[in-house]
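First the structure, in the form of structure tokens, and then the observations on it.
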Amino acid sequence: MKLVLDEHYSYRIAEQLRGRGYDVVAVVEQSKRRELRDDVLFEWAQREGRVLLTENVKDFMPLHHVRVARSEQHCGLLLTSSSRFPRSRSGIGKLADAIAAFLEAHAYDDSVKGGVVWL
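Numbering of the sequence shown is given in this note's numbering, commencing with residue 2 and proceeding in unit increments.
Quick look at the structure:
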């Protein structure tokens, strides 16, 4: 499963996960992806075959619902919250560990495809 971290997340999380063998990119690592509109980022993630990790439920859930209404698949949304995984230095390792556990548990299935999962 390939993953993209939206602009709210540190590149250090992606680095840690790549160090563990996972295919993860962070939007903040790619200057041309920074500050993309949410719908454009979502479509890019689909073209790249990447599940999108975000805490921006307000903007990404409507994009999910549009796809569902059109009977169109998407790679999936993996949602988090800053209360559970603070976006601080101390929270980086905790979130990286949780993502790694999720990726390990779902390495050989498509359970996220077309869906929304809370981490």
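Cβ atoms here follow ideal geometry from the backbone N, Cα and C, with glycine treated the same way.
Residue nearest to Arg48 within the set Val69, Lys3, Gln17 and Glu8 is Lys3 (criterion: CA-CA distance). Ala27 is bridged by DSSP to Leu6. With contacts defined as CB atoms closer than 7 Å, His65 and Val117 qualify as a contacting pair. DSSP places Val113 in the coil class of the three-state scheme, outside both helix and strand. Counting only runs of 4+ residues, the alpha helix (DSSP H) found wholly inside the segment 39–113 occupies 39–49, 58–70 and 90–106, in chain order. Note that the segment 72–89 does not touch the segment 14–34; fewer than 3 beta-carbon pairs, one per stretch, sit closer than 8 Å. Each residue's CA atom was taken as its position, placing Arg19 and Ala46 some 17 Å apart.
When the beta-carbon positions are compared, Val52 and Leu80 stay at least 7 Å from each other. Closest in C-alpha terms to His107, from the list Leu120, Arg68 and Asp60, comes Leu120. For Ala70, the closest alpha carbon among the candidates Ala15, Gly115 and Gln17 is that of Gly115. Judged by beta-carbon spacing, Val28 lies within the 7 Å limit of Asp7, meaning their Cβ atoms are closer than that value.
In this structure, the CA atom of Leu42 is about 15 Å from the CA atom of Lys59.
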